[in-house]
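Listed in order, the protein sequences are those of chains A and B.
Numbering-wise (this note's numbering), the first sequence opens with residue 29 and increments by one.
Numbering-wise (this note's numbering), the second sequence opens with residue 29 and increments by one.
Virtual Cβ for every residue (Gly too), placed ideally from N, Cα, C.
There are 2 protein chains.
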Amino acid sequence: MEAADLFFGAFANKNRFRILNKLNKKSLCAGELQKKLNIEQTHLSHDLRCLLNCKFINVRKDGKKRIYSTNNDTKELVDEVSKHVKKYEKYLERCGVLEKEKNGRV
Amino acid sequence: MEAADLFFGAFANKNRFRILNKLNKKSLCAGELQKKLNIEQTHLSHDLRCLLNCKFINVRKDGKKRIYSTNNDTKELVDEVSKHVKKYEKYLERCGVLEKEKNGRV
DNA sequence: TTATTATATGAAATTTTTTTCATATTTACT
DNA sequence: AGTAAATATGAAAAAAATTTCATATAATAA
Numbered sequence: 029m030e031a032a033d034l035f036f037g038a039f040a041n042k043n044r045f046r047i048l049n050k051l052n053k054k055s056l057c058a059g060e061l062q063k064k065l066n067i068e069q070t071h072l073s074h075d076l077r078c079l080l081n082c083k084f085i086n087v088r089k090d091g092k093k094r095i096y097s098t099n100n101d102t103k104e105l106v107d108e109v110s111k112h113v114k115k116y117e118k119y120l121e122r123c124g125v126l127e128k129e130k131n132g133r134v
Numbered sequence: 029m030e031a032a033d034l035f036f037g038a039f040a041n042k043n044r045f046r047i048l049n050k051l052n053k054k055s056l057c058a059g060e061l062q063k064k065l066n067i068e069q070t071h072l073s074h075d076l077r078c079l080l081n082c083k084f085i086n087v088r089k090d091g092k093k094r095i096y097s098t099n100n101d102t103k104e105l106v107d108e109v110s111k112h113v114k115k116y117e118k119y120l121e122r123c124g125v126l127e128k129e130k131n132g133r134v
């Protein structure tokens, strides 16, 4: 089950998920992503490396830019997860540090 | 995109993923899960509450036990993710704190 | 009504991840 | 060669999640 842990380490992150969603629509270079998502440059760069290492995305060079893109498996996965998130949105609560007021006991 | 963050907070966790996989096969009470997964009692309890809050799982009472189960949406999602994890296993690397030795530069 | 089993809770301690900072690299242009 | 633009890197700081601890509650049985 170690692989699942690594998987989540890479995939399960708000910013990285936003990146994947953007790239699902259109391949983009880092600079474009940065503008669209309004993430600080080095932060974005770290996230891209993370996604890249785990093969969620690919790069190709184009002059001094690097164009990032998702593959089909990633597209499917991201869409599936997005579907679930949308459907369960109303139930989702911050975990671990559950907001005390909301504690809906069983 | 806030919902995605909450979603990952609950779903994206090694132990909780193990729990979901077990429950996908068979509804179980906390005690049984504890034995099968070898997780410390209060730890498991926290994780169950988390999954419960976000409606990944359901409970019903049976005497002094509580029987946990997954729903169909969760089953599908967990299976989809498991499939991806299996396929990409060989690429997965710990993120954020990337092991220095492994640094496969682009 | 007390004891026991099963499970839950909240807070503190620990660990991990995210974010920022300062700087490096890479490519193209002059 | 020197400069600027685009992106990457590593380490430190900050934030968040996990794990443990000590204790509470709930249901049943003696």
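- Counting C-beta pairs closer than 8 Å gives fewer than three between the segment 55 to 75 of chain B and the segment 103 to 118 of chain A, which falls short of the contact rule.
- V113/B reaches chain A at A31, A32 and F35, counting residues in chain order whose Cβ is nearer than 7 Å.
- Listed along the chain, the chain A residues whose CB falls inside 8 Å of the CB of Y119/B are N81, C82 and K83.
- For A58/B, the closest Cβ of chain A is not nearer than 7 Å.
- Counting C-beta atoms within 10 angstroms of its own C-beta, G37/B has 16 or more neighbours from the protein chains shown and is therefore classed as buried.
- C57/A carries a strand assignment under DSSP once its states are collapsed to helix, strand and coil.
- If you check the CB distance, N81/A and S97/A do not come in under 7 Å.
- Around the beta carbon of T102/A, 16 or more other beta carbons lie within 10 angstroms, which makes this residue buried.
- The way I'd put it, the segment 45 to 62 of chain A doesn't touch the segment 48 to 64 of chain B; fewer than three beta-carbon pairs between them come closer than 8 Å.
- Spatial neighbours of R94/B in its own chain (CB-CB distance under 7 Å, excluding positions within 5 residues in sequence) are listed in chain order as C57, A58 and V87.
- Judged by DSSP in its simplified three-state form, K89/B adopts strand.
- In terms of beta-carbon proximity, E68/A stays away from the interface with chain B, with every pair separated by 7 Å or more.
- Judged by their CB atoms, A40/A and V113/B are not nearer to each other than the 7 Å cut-off.
- Residue-level contact check: L105/B touches chain A, since one or more beta carbons of chain A fall below 7 Å from its beta carbon.
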